[in-house]
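Chemist:
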Amino acid sequence: METASKEANLEDGAEVKTDAVRTDTDPPKPGCLARASTELTTADWLAVWVGLLCFLPLLPLALLVVPGPETEADPVRVKYLLPQPMDWASDPFASWDQYNATLTWPLLALMGATYWVYLRLTGKLGKTAPIRYLVGFIVVSLLGTGCLWLGRYTKLSSFGVSYAIYAIFIGMFLGNVAELSPSLSAAADKWLLPVAKDGEFMIKIALVLYAKSYGVIWSIGLPGIIVGWVGSPLAVMAGWFIGTRLLGMDNRAQVMLLSVGAAWCGASGMAAVQPIVGATGDELTLCISIVVLFTLAFQLLQPYFAIWADMDDAVAGAWIGASVDQTGNVLVSAAIVSDEATEVGGVVKMILNAGLGFICLGIAIFWSLEDAKRASRQSATPARAGLGMLWQKFPKFVLGFLLLSLIVTLLESPLAGTAAGVAIPRACSSLSTWWMCIAFINIGITTSCSKLFKGVTSGGGAIVKLYLLANTVDIALGLGLAYVCFGGNKGAASDPSASARGGFSYVAAEVKQM
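Rendered as structure tokens:
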């Protein structure tokens, strides 16, 4: 009778909610532990675990290689605790001492092993032949080594030409030249593309390892925090308004990428925001190319303008630190003015770098709310951005960044005065650079030059207009805040005395590795 009644209701068009009735044949719902296990093995969380796994060997390595007080340690070994190419001026082979030349290969093998863990846990090895991932990672890691090696050439790096430029363009060269020949294209698809598609995952690992000590932030002082964390967020918001409202750009992801690139941390900032807004590799490469091109111009224009305007050195440094993209370019630019400008500029840029996780958090929340609004406009049922949606959209690598920053901060006190205490944050930054370099090569490989050109020229060059307008806002806000915070008290705020100089020394050491 019950079955007949249900059938009658169905014939009458009545809605029957059968999912509310549990039968013995229904599969049981997963428990909290099962759901947590599934959540923690997603690609987002795996980037956090791989980043933390990469960090683990650094403490024993530091205690083994540079034991004892900082004053008694070899400064070269403290700086280059993590194997990598060193700075060189004329002889390329001077970049490799025995330590770095010997241990770089085990380092790449360990990075490959952690990547292999990710492939294993995500099931990718069951879908694609493992040998293709192995060959692909060997190729891109060797290319990454070459890009870092070129990036340490001081005669070019002193002009802001870093490893990132080499990595992006070498990757693009490989990917696009392969398209000219069917056989080369097939080889690239077979041996390079599987790894190249994981460029975004490697960026997330790099950003987890981008951790900064909270102690450095507070040691810098309020003026630097105001210049760094007030002007740039306002410039990001202005860039979003200019792109979506004034220029009417439809590609929201690209607008956000370029707004962050113009106002925050250049390539690093855009790479961090890419997975949050769902931008493609082509869009990221286009935005990085625009930012890199104009940064090379602004890093020369701004310091000479400061000199022409007879600007106070501290004001000039704070202005350059707040508005020139990329840390290396900031130091190159501010050095044209004076040593004091270089110190203040480096300190302000350090503040921006340390705030990368927080700006990502803000953008993730904003993006979830925007998605909910768009869904509401397209549906009769209003969509709400609840905590569940915010958590789903939240970039988990930000949690890894904050957690690792806390670990680095907690290590400061027990390791104070030791060589290991100085070497570990630098090694963590170097490891981030390794992953970022390989990621940029992968992104370059998957980027189409024809799409890149089309992106620049579409909409009457709207994307270039957006960058120039957003960067102009950032420059104006940075200059105003620099005058307010560093222009009125040359004896105090404008002098990055003991604590600020300590913050700058950390920045300078980090930049020289990049």
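Here the UniProt record's numbering is used: the first residue of the sequence shown is 1, the next is one more, and so on.
Just so you know, even glycine gets a beta-carbon here, dropped at the ideal spot from N, CA and C.
These numbers come from a predicted model, not from an experiment.
Work out the CA separation of D313 and N489 for me, nearest whole Å.
Modeler: Interpretation of N489 is limited by its pLDDT of 47, a score under 50 that renders its predicted location unreliable; no figure is taken from the coordinates.
Chemist: Measuring straight from C-alpha to C-alpha, what distance separates I424 and L82?
Modeler: 9 angstroms
Chemist: Could you tell me the distance, in whole angstroms, from the CA atom of A235 to the CA atom of I225?
Modeler: 15 angstroms
Chemist: Report the partner residues of P69 according to the DSSP bridge assignment.
Modeler: T418
Chemist: Tell whether a beta-carbon distance below 8 angstroms holds between L247 and A462.
Modeler: yes
Chemist: Can you look up Y210 in the DSSP assignment and give me helix, strand or coil?
Modeler: coil
Chemist: Would you decide whether W218 is buried or exposed? Buried here means 16 or more other CB atoms lie within 10 Å of its CB.
Modeler: exposed
Chemist: Less than 8 angstroms between the C-beta atoms of S448 and D339, yes or no?
Modeler: no
Chemist: Using 8 angstroms for Cβ pairs, my map puts D87 next to R152. What's the rounded Cβ distance?
Modeler: Taking 8 angstroms as the upper bound for CB-CB distance, D87 and R152 are in contact here, some 5 angstroms apart.
Chemist: Within its chain, find whatever has a CB closer than 7 angstroms to the CB of A211; leave out the 5 residues flanking it on each side and keep chain order.
Modeler: F401, L404, S405, V408, C428
Chemist: Could you name the residues of the same chain whose beta carbon sits closer than 6 angstroms to that of W319, not counting the 5 residues immediately before and after it, in chain order?
Modeler: Here the set comprises G478, L479, A482.
Chemist: How about G171 and F440: do their beta carbons lie closer than 8 angstroms?
Modeler: yes
Chemist: Rounded to whole angstroms, what's the CA-CA distance from A109 to W435? Just pull it up for me.
Modeler: Going from the Cα of A109 to the Cα of W435 covers about 13 angstroms.
Chemist: In whole angstroms, what separates the C-alpha of L410 from that of V78?
Modeler: As the crow flies, the alpha-carbon of L410 is around 20 angstroms from that of V78.
Chemist: Please state the DSSP three-state secondary structure of W264.
Modeler: coil
Chemist: At what residues does the alpha helix (DSSP H) containing S162 begin and finish?
Modeler: From DSSP, S162 is part of no alpha helix (DSSP H); its letter is neither H nor E.
Chemist: Would you mind working out which of N329, V277, P414, I307 sits nearest L369, comparing C-alpha positions?
Modeler: V277
Chemist: Give me the Cα-Cα distance between T142 and C437, rounded to the nearest whole angstrom.
Modeler: Before going further, note that residue 142 is Leu rather than Thr in the sequence given. The straight-line gap from Cα to Cα measures roughly 11 angstroms.
Chemist: Quick check: what's the CA-CA separation for F93 versus M249?
Modeler: As the crow flies, the alpha-carbon of F93 is around 48 angstroms from that of M249.
Chemist: Do A167 and G444 have their CB atoms nearer than 8 angstroms?
Modeler: yes
Chemist: Return the Cβ separation of G160 and Q326 in integer angstroms, given the expectation that the two are a contact with Cβ distance under 8 angstroms.
Modeler: Yes, they are in contact, since the Cβ atoms of G160 and Q326 sit about 7 angstroms apart, within 8 angstroms.
Chemist: I think G243 touches E412, with their Cβ atoms under 8 angstroms apart; what is that distance to the nearest whole Å?
Modeler: With 8 angstroms as the limit, G243 and E412 do not qualify as a contact, their Cβ atoms being about 40 angstroms apart.
Chemist: Alpha helix (DSSP H) containing M237: first to last residue?
Modeler: 222-241
Chemist: Quick test of your reading: N442 and A238, contact by CB under 8 angstroms. State the CB separation rounded to the nearest angstrom.
Modeler: Their Cβ separation, rounded to whole angstroms, is 32 angstroms, which puts N442 and A238 out of contact at 8 angstroms.
Chemist: With a floor of 4 residues, list each alpha helix (DSSP H) that falls wholly inside the stretch 268-319, ordered by position along the chain.
Modeler: List check, alpha helix (DSSP H) in window: 281-308.
Chemist: Alpha carbon to alpha carbon, how far is V140 from S183? Give it in angstroms, no decimals.
Modeler: 20 angstroms
Chemist: Where DSSP assigns a beta bridge to W88, which residues make up the other side?
Modeler: Secondary-structure assignment with DSSP links W88 through a beta bridge to Y153.
Chemist: Of the choices G317, L257, A187, whose alpha-carbon is the least far from that of G136?
Modeler: A187
Chemist: Can you name, in chain order, every residue of its own chain whose Cβ lies under 6 angstroms from the Cβ of T128, other than the five neighbours on each side?
Modeler: P194
Chemist: Straight-line CA distance for W308 to L466?
Modeler: Take the alpha-carbon of W308 and the one of L466: they are about 27 angstroms apart.
Chemist: Tell me the DSSP secondary structure of W218 in three-state form.
Modeler: helix
Chemist: Rounded to the nearest angstrom, what separates N251 and V348 at their Cα positions?
Modeler: Rounded to the nearest angstrom, the two C-alpha atoms are 31 angstroms apart.
Chemist: If you run the structure through DSSP and keep just helix, strand and coil, what is W96?
Modeler: coil
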